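**Student:** My questions all concern the structure below.
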Amino acid sequence: MSRWEVFKQDAPGKPHQAVGSVHATDARHALINAAHVFVRRPAAASLWVAHASAIFSRTRQELAAQELSTVDRVDPAATAAPGAPLEPYEVFRKSSNRRSMTFADHVGTVEASSAAHALELALAEPTADTALAWWIVPTAAIAASDPADAPAWFEPARDKLYKQQSQYGSGPTPTVRRADP
Amino acid sequence: MDRTEDDAALAEFEARIAAGEKIEPGDWMPDAYRHQLIRMIGQHAHSEIVGMLPEGAWIGSAPSLRRKLILVAKVQDEAGHGQYLYHAAETLGASREEMTEALLAGRAKYSSVFNYPTLTWADVGMIGWLVDGAAIRNQLMLAQCSYGPYSRAMVRICSEETFHHKQGREMIVLYASGTPSQRQMAQDALDRWWWPSLMMLGPHDADSPNTPQLVRWGIKTKTNDEVRREFVNEHVPELQAAGLTIPDPAMERDEVTGDWRHGPIDWDEFWSVVKGNGPCNAERIAARTKAHEEGRWVRDALAAFEAGRSAAGARA
Amino acid sequence: MTTDATPTGSLLAALVERVTAHADDELVLGHRDAEWTGHAPLLEEDIALANLAQDEIGHAITWYGVRSGLDGSDPDRLVYFRGADEYRSSHLVALPRGDWAFTMLRQYLFDAYETELLARLARSSYQPLAQAAVKIAREELFHLRHSQLWLERLAYGTDESRARLEDALAAAWPLLPQLLAPMPGDAELVAAGMWPAPVEVGSATVDRVTGTLTALGLRAPPLADGQVVERHVRQPPELGELLSVLQSVARADPEAQAW
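These protein sequence lines map, in sequence, to chains H, G and F. Just so it is clear: in the first sequence, position 162 is 162 by the working numbering, and no numbers are missing. Just so it is clear: in the second sequence, position 127 is 127 by the working numbering, and no numbers are missing. Just so it is clear: in the third sequence, position 256 is 256 by the working numbering, and no numbers are missing.
Structure (structure tokens):
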């Protein structure tokens, strides 16, 4: 069984964010597993999954160490002959070291001849300076949940109040918290 | 990479951590950092998985519909937490299958607190209150860890763990002022889970050789004794307010610092349980082994299905 | 025309029986699903079955709540202090969880039945029932997707997985008629527009599952024609065993006001 990276959109209009991965046999299976694993609590409007092998990943440190144009030519995610047709790629970017439960946010789509080329285009954007890490995924490699499924797949989590910590009292006495030394 | 390059890389690595940067998959890291993390994350993941068993055993007889729902959700979360942690280990090059085999073969450790039996329904509440209470403190610290995927898994886990703690406390507070039978069940559960919860936070600092390096690499930000002190200070007043007695005759309040000081911990028992002689060590591993073996035909079927699809795709 | 008004007399009794039977089915099935927690073949399925279990138990709470609106009964008292012979659940849901193939096949049969039932209950003349059906149908859609996905993977996995699926079908299929069978008060409920005709739900269910199974190359054995089956038969020993576990803590301290 393969690993599939999962991207969750919390609400319409917000970006899809990388949240983790699931083991599954194929995209349909991965989407259902992603719903079980990542949408136990609110909120979700949409899920994307992509086979782990389809992810082209570079951190800022990796980019500093090796020019994109010299990326190993046997890396199937990265290469394409010059003059190859342009395909759409989805771009995800991590921009902060702040504590978070998500890795990289979807920032846009580019037409490129390879994943490396797509990243070069993304790096040319002015906002790219603050980027700490990038994931490039061919659009064709992403399977999305059906919007028509959202009421069945995601909405029920909102009603499961019994597993939300806000439903429980704050305890028998106020907790005295000493300042850390 | 020669020695000078290695030293320079290590210096840059440690400077990044000191500056609060996250190390992400693909970044340079010392082999020791990678191996420490795989060991720690693996241990943590295995603890979640094995931890499903002592409480899972009580789902069937949860005494109200609401408690049944809550307990299924809680044990499900533990599976989910294991899942997030296995993912983090996978980003370091470990495989879930290898890690599972190491656990079942006795080569990988998990938190020994789960080698104690859950003898009554109230144990479920006490585990939520104390064991998850201790786990939360650890998890809050680990959420600041320097390795991105581990830190993110911990942040997600922290957001879900508070529910575990609160539902356990709610249950025990209710029973501590319930029927005589409920009150006795709650006190008995505390008597059996108090010390294992203290020990869960790890050996005393003097006996933890790994800690200084883990601190320097941003994997640990507090020592075991520091976390244990926080745990005791939080829980003692709450347990007493609920009308329960802490099973520690030496427990007393330091009038100067305000800290609650616990009595001596029986480390012989701790090490015995860690080494595999706890009451349920064999049972826990046997249960996980059975699940793994009996599920093998299912995983094989999934693999065959996936291969069949790929073959069909290639032929198309 | 829908109503909130509580029925009375024999209509009330008939509705209480039907709602209870459905609530009991959901509870027993949820209990069986939850038995996999910590023992599933892979981690994603520990999580998935626990979702199913929470949904089924949640549905049971909803249905017991509908009954509570009818006769003021307390759901926890119903669940924890009735004997097996007072339960109205079907035999199908009471069977032990078996292997993964059996659990998935049994789940699929029940999901298919519920899908057909809820689609029609959404038009019930008794408003609380219609509302519950609409809400629950939402989750059932996801359940059906999950169980169908598994049937496909087991059918087209290995020889062993297909064989186990066939064994599961042989064990579960004979119990389908009892799940779909009429209950004594049905005629009155149907006439009042409160509950769909069991014959209609039954044939829609059989059509649906036969279609799915046939597409997977599985043969659903023919159901004995003219066989008269009723829901109200003696409960199997498996239910008694299940309840002895389910009720053990609650019954040990019957004075307890709250848990």
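All C-beta atoms, glycine included, are put in the ideal place defined by N, C-alpha and C. For clarity, every value in this text was computed on a predicted model and none was experimentally measured.
With a CB to CB cut of under 7 Å and the five nearest residues on each side skipped, what residues in its chain are close to Glu238(F)?
**Tutor:** Within the same chain, Glu238(F) has close Cβ partners Ala94, Leu95 and Pro96.
**Student:** Determine the burial state of Trp46(F): buried for a count of at least 16 other Cβ atoms within 10 Å of its Cβ, exposed for fewer.
**Tutor:** First, the residue type needs correcting, since residue 46(F) is Asp and not Trp in the sequence shown. Buried, since its Cβ has 16 or more Cβ neighbours within 10 Å.
**Student:** Note down the Cα distance separating Gln61(H) from Glu5(G), rounded to an integer number of angstroms.
**Tutor:** If you take the alpha carbons of Gln61(H) and Glu5(G), they lie about 15 Å apart.
**Student:** Return no unless some Cβ of chain H is closer than 8 Å to the Cβ of Ile47(F).
**Tutor:** Closer than 8 Å to some Cβ of chain H, the Cβ of Ile47(F) qualifies, so yes.
**Student:** Spatial neighbours of Pro42(H) within its chain, please: C-beta separation below 6 Å, excluding the five flanking residues on both sides.
**Tutor:** If we look at Pro42(H) and ignore the five residues flanking it on each side, its Cβ neighbours are Ala157 and Arg158.
**Student:** Can you confirm whether Asp253(F), when its beta carbon is compared against all beta carbons of chain G, has any partner nearer than 8 Å?
**Tutor:** By this cut-off, Asp253(F) is an interface position.
**Student:** Check each candidate in Ala220(F), Thr205(F) and Val190(F) and name the one with the smallest Cα separation from Arg18(F).
**Tutor:** That would be Val190(F), whose Cα lies nearest to the Cα of Arg18(F).
**Student:** For the putative contact between Pro15(H) and Asp105(H), defined by C-beta atoms under 8 Å, what is the C-beta separation to the nearest angstrom?
**Tutor:** Indeed they touch by this definition, with Cβ atoms about 4 Å apart.
**Student:** Contact criterion: CB-CB distance below 8 Å. Does Ile38(G) meet it with respect to chain H?
**Tutor:** Output row for Ile38(G): interface = no.
**Student:** Run through chain F and tell me which residues come within less than 8 Å of Val37(H), C-beta to C-beta.
**Tutor:** The answer, in chain order, is Glu44 and Ile47.
**Student:** Please report the straight-line C-alpha distance between Val49(H) and Leu175(F), rounded to a whole angstrom.
**Tutor:** C-alpha separation (whole angstroms): 39 Å.
**Student:** Check each residue of the region 52-70 of chain F: if its Cβ is closer than 8 Å to any Cβ of chain G, include it; give the result in chain order.
**Tutor:** Going along the region 52-70 of chain F in chain order, one finds Ala53, Gln54, Ile57, Gly58, Ala60, Ile61 and Tyr64 with a Cβ nearer than 8 Å to chain G.
**Student:** Please list the terminal residues of the continuous alpha helix (DSSP H) segment that includes Arg106(F).
**Tutor:** Looking at the DSSP string, the run of the alpha helix (DSSP H) that includes Arg106(F) is Trp100 to Leu121.
**Student:** For Lys94(H), write down the residues that DSSP places opposite it in a beta bridge.
**Tutor:** Per DSSP, Ala133(H).
**Student:** When you compare only the Cα positions, how much space is there between Arg219(F) and Arg106(F)?
**Tutor:** Distance between the alpha carbons of Arg219(F) and Arg106(F): 15 Å.
**Student:** Taking His51(H) as part of the beta strand (DSSP E), name the residues at either end of that continuous run.
**Tutor:** Its beta strand (DSSP E) spans residues Ser46 to His51.
**Student:** Could you give the DSSP three-state label for Ile59(G): helix, strand or coil?
**Tutor:** In the structure shown, Ile59(G) sits in coil (DSSP, three-state: anything other than H, G, I, E or B).
**Student:** Near Arg40(H), which residues of its chain fall below 7 Å by C-beta distance, leaving aside the five closest residues on each side in sequence?
**Tutor:** Here the set comprises Ala157.
**Student:** On the three-state DSSP scale, how would you describe Gln17(H)?
**Tutor:** The answer is strand: DSSP assigns Gln17(H) an E or B state.
**Student:** Are the beta-carbon atoms belonging to Asp33(F) and Leu52(F) less than 8 Å from one another?
**Tutor:** Taking 8 Å as the Cβ cut-off, Asp33(F) and Leu52(F) qualify as a contacting pair.
**Student:** Can you list, in chain order, the residues of the region 19-39 of chain G whose Cβ is nearer than 8 Å to any Cβ on chain H?
**Tutor:** Here the close residues are Gly20, Glu21, Lys22, Glu24, Pro25, Gly26, Asp27 and Trp28.
**Student:** Around the Cβ of Leu86(H), are there at least 16 other Cβ atoms within 10 angstroms (buried) or fewer (exposed)?
**Tutor:** By the neighbour-count rule (16 or more Cβ atoms within 10 Å), Leu86(H) is not buried but exposed.
**Student:** What does Leu149(F) reach in chain H if we use C-beta pairs closer than 8 Å?
**Tutor:** Going along chain H in sequence order, the residues near Leu149(F) (Cβ under 8 Å) are Arg28, His29 and Ile32.
**Student:** Using a Cβ-Cβ distance under 8 Å, would Pro188(H) count as near chain F?
**Tutor:** The structure shown has nothing for residue 188(H), since chain H only spans 1 to 181.
**Student:** Quick one: residues in its chain with C-beta nearer than 8 Å to the C-beta of Ala141(H), no 5 flanking neighbours on either side, listed in chain order?
**Tutor:** Contacts found: Ala50, His51 and Ala54.
**Student:** From Ser21(H) to Trp4(H), what distance separates their C-alpha atoms?
**Tutor:** Computed Cα separation, rounded: 5 Å.
**Student:** Using 8 Å as the limit for Cβ to Cβ distance, is Phe270(G) near chain H?
**Tutor:** Not one chain H Cβ lies under 8 Å of Phe270(G).
**Student:** The alpha helix (DSSP H) spanning His146(F) covers which residue range?
**Tutor:** Start and end: Gln127 to Ala155.
**Student:** Pairing CB atoms from the region 102-112 of chain G with CB atoms from the region 163-170 of chain G, are three or more of them under 8 Å?
**Tutor:** In short, these stretches do not touch, since the Cβ pair count stays below three.
**Student:** Is the CB-CB distance between Leu144(F) and Asp111(F) below 8 Å?
**Tutor:** The answer is yes: Cβ separation under 8 Å.
**Student:** Under 9 Å Cβ-Cβ, which residues of chain G neighbour Gln8(H)?
**Tutor:** Note that residue 8(H) is Lys in the sequence shown, not Gln. Ordered by position in chain G, no residue passes the 9 Å Cβ test against Lys8(H), which lies about 11 Å from the chain.
**Student:** In chain G, what lies closer than 9 Å to Ser2(H) by C-beta?
**Tutor:** The contacting residues are Glu306.
**Student:** Between which residues of its own chain and Thr120(G) is the CB-CB distance below 8 Å, once the five residues before and five after are set aside?
**Tutor:** The residues are Met185, Asp188 and Ala189.
**Student:** According to the Cβ coordinates, are Gly128(G) and Gly93(G) closer than 8 Å?
**Tutor:** Contact flag unset, no.
**Student:** DSSP three-state label for Lys68(G), please.
**Tutor:** In the structure shown, Lys68(G) sits in a helix (DSSP, three-state: H, G or I).
**Student:** CA-CA distance, Ala150(H) and Pro88(H)?
**Tutor:** Distance between the alpha carbons of Ala150(H) and Pro88(H) is about 26 Å.
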